[in-house]
Amino acid sequence: MMMYQQIIVEVLTPSANARAWRTFRMIVNVTVLADKLSGIPRLASDLMAGELPMRMSTSINGRVKILSIKKSVGIQMNCSMVVVLQTQDVKDMDCKRKISL
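Structure, rendered in structure tokens:
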């Protein structure tokens, strides 16, 4: 997760196997980089305004097996949004995805 070109949160996911058309839960560790967060000059004014602009980038790489054919696949999702602190809502969300085979 990023604010004003600064990475403020990192999440690393463990390796796992997923079956077709299935979802499963994962336990992940979230690292909040407090030193980077405190170094953002506009953070105080954004908190006073009650809105935090953020960007998130997610990348998942893996292999799929279809009819005994293995193929490498990469998925990348980039989202930008504004978090309204008072209502805990997200507004102006814009996401773009890219899939590479």
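The numbering used here numbers the first residue of the sequence shown as 64 and each following residue consecutively.
We put the beta carbon where it would ideally sit given N, CA and C, even for glycine.
Could you tell me the distance, in whole angstroms, from the CA atom of Met65 to the CA atom of Ala81?
Working through the sequence shown from its first residue, we reach residue 65 at position 2. Working through the sequence shown from its first residue, we reach residue 81 at position 18. If you take the alpha carbons of Met65 and Ala81, they lie about 28 angstroms apart.
If the criterion is Cβ atoms closer than 8 angstroms, does the pair Val93 and Pro116 meet it?
The residue you call residue 93 lines up with position 30 of the sequence shown. The residue you call residue 116 lines up with position 53 of the sequence shown. No.
Following the continuous beta strand (DSSP E) through Met111, name the residue where it begins and the one where it ends.
Taking the first residue of the sequence shown as 1, we reach residue 111 at position 48. It is not in any beta strand (DSSP E) - Met111 instead sits in the alpha helix (DSSP H) that spans 106-112.
Once DSSP output is grouped into helix, strand and coil, what is the label at Ser163?
Locating residue 163 in the sequence shown gives position 100, where the first residue counts as 1. In the structure shown, Ser163 falls within a strand segment according to DSSP collapsed to helix, strand and coil.
Separation of Lys99 from Gly113, as counted between CA atoms
Looking up residue 113 in the sequence shown gives position 50. Looking up residue 99 in the sequence shown gives position 36. Between the alpha carbons of Gly113 and Lys99 lies a gap of roughly 20 angstroms.
Whose C-beta lies closer than 6 angstroms to the C-beta of Ile123 among residues of the same chain, with five residues either side of it excluded?
Residue 123 sits at position 60 when you count from the first residue of the sequence shown. Leaving aside the five residues that flank Ile123 on each side, the residues in its chain whose CB is nearer than 6 angstroms to its CB run, in chain order, Ile138.
Which residue wins for smallest C-alpha separation from Ala97, given the options Ile129, Ser143, Leu164, Leu106?
Here residue 97 refers to the residue found at position 34 when the sequence shown is read from its first residue. Considering only Ile129, Ser143, Leu164, Leu106, the residue with the shortest C-alpha distance to Ala97 is Leu106.
Answer with buried or exposed for Ile71, where buried requires no fewer than 16 other C-beta atoms within 10 angstroms of its C-beta.
Here the question's residue 71 lines up with position 8 in the sequence shown. With 16 or more Cβ atoms within 10 Å of its Cβ, Ile71 is classed as buried.
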